[in-house]
Amino acid sequence: MKTWLSQLLRVVHAGDRSEAVITGRKIYILPTRYGMVFGVLLLTLLIASINYANNPAFILTFLLTGAFIQTIFYTWRNLLGLHLRWRHADSVCAGETSHFHFQLFDPGGRAHYSIQMGFPGQESMMVDCSDQQYKQVALAMTAERRGRLHPGRLTLESRFPLGLLRAWCYLDIPAEAIIWPRPMEGALTQTRTANNSSLDGDRGTGTDDFVGYRGYHPGDSLAQVSWKALAAEKGLLVKQFGGDRVDQLWLDFSILEEPDTERRLGILTHAVLKLSTQPVHYGLRLGDLEIQPDNNERHRRDCLTALALYGEAE
Amino acid sequence: MKDVLIRRPLSAPLLYGGGLLMVLAALPHTWNLAPSISAAFALFVALRFVFWPQSNKSAPGWLMLLLLAISIGLVLYQADFTEGRQFGVTLLVLMAGMKLLEMKTRRDLYVLVFLGYFVLVTLFLFYQSPALTGYVLAISTGFTALLMGNNLAADKPPAGLLLRKALMMMLGSVPVTILLFVLFPRLDAPLWSLNLGSGAGTTGMSDSIRMGSISDLSQSREVAFRVRFSNIIPPPSQRYWRGMVLWHNDGRNWTRGRAHLPKTTFRAAAAVVEYEVTMETTNQPWLFPLDHVLAPGSGMLMNSDGEMGLAQPVKRRFTWKGRSAPVVEGERLSSREWQLGLQLPDNISRRTQQLASALRRQGHTDEGVVQAALRYFNQQPFVYTLQPPLLGEQPVDQFLFETRKGFCEHYATSFVTLMRLADIPARVVVGYQGGQLNPLGGHLVVRQSDAHAWAEVWLEGKGWSRVDPTAAVAPERIEHPIAAQDYADGSPIRFDLGQAGGLLSDMLSNMRWLRDNLQLKWHYWVVGFNSQRQQNLLQKLGLSSLNGYRLGLSAALGAIALAGLMFFFLSFWPGRADHDPLGKYYRRFRHKLRKGGLKVSPATGPEDLARLAMLAFPKKAGDIRDIIQLYIRLRYGPDTQTKAVGRFRSLVRGFRL
Amino acid sequence: MPSLRDDPLLRAVFEQADDIILGKSRPLRLAMTCLLSRGHLLIEDLPGMGKTTLAHLLATLLGLDYQRIQFTSDLLPADVVGVSVYDRNTEQFHFHPGPIFSELLLADEINRATPKTQSALLEAMEERQVTAEGKTRPLPAAFFVIATQNPAHQVGTFPLPESQLDRFLMRISLGYPDEATERKLLQGQGGRARLAGLKPVAGQTDLERWKEACQQVFVSAALLDYAQALLGASREINETPGLSPRAGLGLLTSAKAWAWLRGREQVLPEDIQAVWPSIAGHRLGAGAEGDAHAAQILHSVAIP
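This is the structure:
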């Protein structure tokens, strides 16, 4: 029933480039509470003017009536011709708040004031769009679960200029946010490839060849202290060793201890978030999907997206 | 979804704007309301802005209740329940003041604005002049702008922009207003009546005079009435406007005497003059027709003395049509009138009686006596002055023989006394004489300073004939109005001879005429627009078939049609906020280049644009360079000389490919 | 090539530089802009394009103290920053300052170093000081880093992550010379040999003076509108967060410097457009993708 009703509604659909244009026929308009009070006021003024045969009072009444008629038009026009473009949505972890970023503009350059926009059940935001700007609006939405978040039908409304009428329209935008699983701490069985030697291996601090001394930093392993140097009263020196090695790590869904799928995903998410800040190339094995080890922004995002969309029905 | 703005607290500009507008709206009411009410309103406003100047805090609930109780008390104490206007307006103004004290959210501002509109409309119950109407419209534009600001999210709404938008909205309402005003049906009787009262005070004549009562009036430049003549405009010597006829003299005062017989017509004995009089409020029933009126109009009463009046006092400006003739056929004098016309008081001196006898001997016939009397006034050193010396127990005697300084009433009453002494029935007539023709409007303006007293004597074969002794002493008075200035005791009157006093005074007097004309037109077409006049207008427009319900229907249809037209027209209006003339003309310049075939993207900077354009149109390279250099200087340079924008505009306009 | 300010010293610098590095006037101008804006430069190029020559050239002509670090995978932070060495004679540790203590540092092939070493350099660039063994040693006031990166992605290298790229004000690329220039090069004009005979044209004080003058160039509100429009557009791309406010500031400073070099007293949109690709390219995505985004923005954003 509800869907049938909602099909009856005139809704603005986004064209290509995720851009929706508000045309006249899609705008609904009705008086607000104050508009009705104003109507009563006009009627009262009219009756009083008739009764007292007071012509200047007629003039005021008719002028206000004219203003009311005009405001119907102006309120309607305040929405007309607005272009709304969906840019992107912030990907966040489940439980956090994502923001859907829209761009509001009018290529004709007309100013639109006090436009209120919001998703069903969420806080609405008010914005002005004037001076040929591209107005950026970010609507917040709490993400409950991982996966694709569809915010629902967007409503734009305005009561400008006089607040006596309310004009609104519905927009269906193909907006979605990818919500990552909630990160969880957990045991991570790692598959580490042994010594992937290469010509350009680093001389990182490892266990193989001695490469030199450096000053002792609190926290260094005592096993690496050069006792000989200390005995020779040269101070606390630490031996450094290098190795031809690049760290590579595989995160594998199937080998995790945790039985529950969601928790597994959470653990992996946590791991990805942590590893992306370290000088490690990490890869992901998730069901049929295998992402080669790497370490950059796009890689991080690909892994998290894969985790977010795991198990999505085709 | 819920309105995000409505619960927000008011911003300071909204609060101060609302306060200012409400004070301005209520200001003209101070003259109508009891001082305590005005004081209470002022107190409420002051309280708000002194103690709670921040827009988001307002007076606490207990204070509001207290003030409400005080207000109710004031109203009950002060109000005159019979004066419906005062009562209602008092309540309204106090409510408005309390709302100002109380408001703190944007929702409250709606209530304030609606209250404001009401307060403004009530002003029309008291005043209807064009000036006040303009004032009301201006303040209501302000309220409309305030409503707009209420619906803007910004805390500091751009006042100039909002006022401009509100003004455009009001102007856009003008067509609908004119249409509805012309077509909307008017009722002749009110739907219900509420005793409106119209304030105390009478102006102009009272129905008894004594020496000095008319000279009291002569300082007032207030308009008494205006006349528009349909056919002939009578010369100044025939511009006598008949008010009251006074028969009875008790030695000091002249009064009208007892009951008069109503009369329906007088027969004209000369060319009939048709005219229309617009009278100001006098709160008296007298009308002042041109001497001598022929028949009363509808709703008017006339008596055998030729006095005319209404059943009710004139409470508001009122227009009536009249027909008069300078001379009417004489009738027989009844014996009662004969007696009344010869009545004399007790305080007539011997000297006066002797003078009357001398006049009779000189004149022989009644007419001769009249002439002899007039000669006496003319030849003896009589002075016509606005501030004559006060007279004592035998005023006529003192005036005729001692002071010899007087105003029209002195001459008229003493003349009548002499006539009566000479056995000629005579009576005093008070009214107005003269008037100034408004060169711009073509109507005659008669002021209180034109008030006059003259005499009538009954001559065999002619009936009651007018004799104006003032003419014997100061004939200029008949031709010209009295110059408005202060007169010291006993100084002679100067007459406004209408000579040019230089450019400035001409301009001033033109402006005065203009204003006078405007006021008359305003009254005629707007304030006095009743169903009769509406029918007249519709007839002239050829829409005479519209009456009754058809009128109302056509009003509604017309309004809808206009609304539709307006929507259609406005949908092409870009509604662009034009803050940026420089950008506008630069765009136009680019448009011209584009039309000439140059491909420019909106991301091309001005210098690059200049380079490309100069390559493409080498003949215009100089112009292009000038334009772009100026643009760069104005747009990106440190000085913002707004004057140079004008030069830029003319350069762009003059640029042609 | 756009016009140059009529300052004799400045002209001398550019003339001589142009002589040596043939056909690279634009990258040269950008490098100078970067220097005058007190930012650091990243050059991404295949070997042999002239990166080293450029760095050496600038250092010599401007009288800057020049050092070069060749980054390898076994380079340690201490090799960059400096190390305390125990002197047996005095029985104390002396700090030997690393090559970072210079006025123009060429950090060659920075992507071959480990992240740890990279961060040693990057942090020093950021803070303009070095903390070693508990003591803080400031770097020279005119500290300017030219880092180079080999764009060809090789296994085992650590290309600078995007967050670190932000530390470089500009990224330029020298690229292959055009035919005419290559001809001249092959004929023996230009080249590194002439480097040896170069004398400094300008000095510290001149540089300081120039840097001050750059900041005096006027920025109008209309120009800020354009800059903000570009910045806003950069933040609307799906794949990347866009330019940070720090980058926006850098954009403005560079535009001022560019305008100053051109001899102007106010900044024009063209100046912003000139420096934009170098500033935005490396902040809007890896490699060619970022440059593509930057170019797209430049084409699509209208000048208000």
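Chains as they are written, first to last, in our numbering: chain A, 451 to 764; chain B, 2 to 658; chain C, 13 to 316. Cβ atoms here follow ideal geometry from the backbone N, Cα and C, with glycine treated the same way.
Asked                                                                                                                                  : Found
Check whether Arg616/A and Leu480/A have beta carbons under 8 angstroms apart                                                          : yes
CB of Lys463/B within 8 angstroms of CB of Gly331/B, strictly                                                                          : yes
Trp53/B classed as buried or exposed, judged by whether at least 16 other C-beta atoms fall within 10 angstroms                        : buried
Limits of the alpha helix (DSSP H) - the one that Ala234/C falls within                                                                : 233-246
Val273/B, buried or exposed, once every other Cβ within 10 Å from all chains shown has been counted against 16                         : exposed
Assigned secondary structure, Lys63/C (DSSP; H/G/I helix, E/B strand, else coil)                                                       : helix
Between the CA atoms of Ala125/C and Asp702/A - distance to the nearest angstrom                                                       : 29 angstroms
Closest Cα partner of His108/C within the set Leu22/C, Ala245/C, Thr143/C                                                              : Thr143/C
Within-8 angstroms CB hit, Phe83/C to chain A                                                                                          : no
Contact check, Gly62/C vs Leu210/C, beta carbons under 8 angstroms                                                                     : no
Proximity of Pro631/A and Arg596/A at Cβ, strictly below 8 angstroms                                                                   : yes
Sequence-distant residues of the same chain with beta carbon closer than 7 angstroms to Tyr632/B, five excluded per side               : Tyr587, Pro607, Phe649
Any C-beta of chain B under 8 angstroms from that of Glu248/C                                                                          : no
Cutoff 8 angstroms: Arg609/A Cβ touching any chain B Cβ                                                                                : yes
Beta carbon proximity, Ile633/B to chain C, threshold 8 angstroms                                                                      : yes
Inter-residue CB distance, Leu310/C and Ile249/C (contact presumed, cutoff 8 angstroms)                                                : Actually they are not in contact, since the Cβ atoms of Leu310/C and Ile249/C sit about 13 angstroms apart, beyond 8 angstroms.
Within 7 angstroms of chain B by C-beta, residues of the region 228-260 of chain C in sequence order                                   : Phe230, Ser232, Ala234, Leu235
Short CB-CB distance (under 8 angstroms) between Thr515/A and chain B                                                                  : yes
Span separating the alpha-carbon of Arg636/B from that of Thr45/C                                                                      : 24 angstroms
Where Val224/B sits in the DSSP three-state scheme                                                                                     : strand
Beta carbon proximity, Gln698/A to chain C, threshold 8 angstroms                                                                      : no
Beta-carbon contacts of Thr755/A that lie in its chain and below 7 angstroms, excluding the five residues immediately before and after : Ile628
Touching by the beta-carbon criterion (3+ pairs, under 8 angstroms), the region 511-531 of chain A and the region 157-175 of chain B   : yes
N- and C-terminal bounds of the alpha helix (DSSP H) containing Gln399/B                                                               : Where Gln399/B is concerned, there is no enclosing alpha helix (DSSP H), given that its DSSP letter is neither H nor E.
Residue span of the beta strand (DSSP E) that contains His562/A, given as start and end                                                : 562-568
Buried versus exposed call for Thr148/C [16 or more other C-beta atoms within 10 Å across all chains shown]                            : exposed
Proximity test, Cβ basis, 8 angstroms: Ala604/B and chain C                                                                            : yes
Rounded C-alpha distance that separates Ile629/B from Leu652/B                                                                         : 10 angstroms
Residue-level contact to chain E via CB, Gln278/C, 8 angstroms cutoff                                                                  : Among the chains of the structure shown, chain E does not appear; the protein chains present are A, B and C.
Thr72/C at chain A interface by Cβ criterion, 8 angstroms                                                                              : no
Cβ pair Ile349/B, Val294/B closer than 8 angstroms                                                                                     : no
For Ala519/A, the three-state DSSP class (helix, strand or coil)                                                                       : For clarity, residue 519/A is Ile in the given sequence; the question names Ala instead. It is helical.
Residues near Tyr238/C in its chain [Cβ-Cβ closer than 7 angstroms; skip 5 each side]                                                  : Pro281, Ile284, Ile315, Pro316
Proximity below 8 angstroms, CB of Leu606/A to CB of Thr482/A                                                                          : no
Nonlocal neighbours in the same chain, by C-beta distance under 7 angstroms from Lys406/B, ignoring five residues either side          : Val384, Thr386, Pro389, Pro390, Gly491
Environment of Phe550/A [buried if 16+ CB atoms lie within 10 Å]                                                                       : buried
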